[in-house]
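Peer 1: Residue numbers for the sequence shown follow the numbering used here, so the first one is 3 and each next one is one higher.
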Amino acid sequence: MITQGLSGREIISTLLQVTEREYNDPEIVTRLADTDARLTHAGNEYLQVNAMVATIVAEVFS
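And the structure:
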């Protein structure tokens, strides 16, 4: 994100495409939508993406 110059919204969009194609898990899609909404309302991109990853790992893959 920092070194490649990608925005948080670009990362969310890419993750959403991969999730729909590979996993099709509604929990992951819900977390991505929540993060996208937080980014839309001027949330810090770095913090929001990190929080999303932590939530997905803790809730979906445990």
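Using N, Cα and C, we set each Cβ at its ideal position, and we do this for glycine too. Since the structure is predicted, the reported quantities are computational estimates derived from the model, not experimental observations.
#1: What's the call for E47, buried or exposed, on a 16-neighbour Cβ count within 10 Å?
#2: Please return the same chain residues whose Cβ sits closer than 8 Å to the Cβ of Q75, not counting the five positions on each side in sequence.
#3: Applying the criterion that 16 or more other CB atoms from any shown protein chain within 10 Å of the CB defines a buried residue, is R23 buried or exposed?
#4: When the distance is taken between beta carbons, is V62 closer than 7 Å to E29?
Peer 2: Per the coordinate set shown:
#1: The sequence position of residue 47 within the sequence shown is 45, counting from 1. That one is buried.
#2: Look at the range of the chain in this structure, 3 to 64, and you will see that residue 75 is not part of it.
#3: Your numbering for residue 23 matches position 21 in the sequence shown. By the 10 Å Cβ count, R23 comes out exposed.
#4: Along the sequence shown, read from residue 1 onward, the residue named residue 29 stands at position 27. Along the sequence shown, read from residue 1 onward, the residue named residue 62 stands at position 60. Yes; because the gap between Cβ atoms is below 7 Å, this pair is in contact.
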